[in-house]
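Here the structure comes first, spelled out in structure tokens, and everything after it is commentary.
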Amino acid sequence: MLTIETKELEISIELKRKVEMICKFACAKPTITNGNIKSIKGTNIAYVKPHIIKVNNIEYLMFDECDDIFVNGYNEKIKFKDFENHIKSHF
2 MLTIETKELE ISIELKRKVE MICKFACAKP TITNGNIKSI KGTNIAYVKP
52 HIIKVNNIEY LMFDECDDIF VNGYNEKIKF KDFENHIKSH F
């Protein structure tokens with residue numbers, strides 16, 4: 002029998018602070034959902050769900066210490082430095 006373990010990943014204070022500051026400059030309010038790790042007990046199989054930052058009905062998927070942000074899934078990717086401009090362009 003497979004047992005799935007889920008462990009919540011809390012967003013780092015540094016990333017949360019950066020996101021909140023960028024959203025403040027872009028005059029937007031973010032909704033932050035922590036990511037998690039789902040693993041099958043007794044195996045080396047795991048799935049890491051990223052942190053989800055929702056701004057203006059757009060979901061941004063972020064991992065701690067990663068420079069890329071995925072937009073509404075994994076098809077579109079932007080750099081963290083372009084996050085503010087992306088929010089402003091979809092406001």
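2 is the number of the first residue of the sequence shown in our numbering; add one for each residue after it. Each residue gets a CB set at the ideal place from its N, CA and C atoms; glycine is no exception.
Cα-Cα separation between residue i and residue j, rounded to whole angstroms
i     : j     : result
Ile23 : Glu66 : 16 Å
Thr34 : Leu16 : 13 Å
Glu21 : Met2  : 43 Å
Lys78 : Thr44 : 31 Å
Asn76 : His87 : 15 Å
Element boundaries [beta strand (DSSP E), containing residue i]
i     : result
Glu77 : 77 to 80
Lys50 : 47 to 50
Residue i and residue j closer than 8 Å at C-beta
i     : j     : result
Lys74 : His52 : As written in the sequence, residue 74 is Gly, which differs from the Lys given in the question. No; because the gap between Cβ atoms is not below 8 Å, this pair is not in contact.
Ser40 : Glu9  : no
DSSP bridge partner residues for residue i (one or two, in chain order)
i     : result
Lys55 : Thr32, Glu60
Ile38 : Lys8, Val49
Terminal residues of the alpha helix (DSSP H) in which residue i lies
i     : result
Ile5  : Unbroken run through Ile5 is the beta strand (DSSP E), 5 to 10; no alpha helix (DSSP H).
Phe71 : That residue, Phe71, is in no alpha helix (DSSP H); its beta strand (DSSP E) goes 69 to 72.
Met22 : 14 to 26
His87 : 84 to 90
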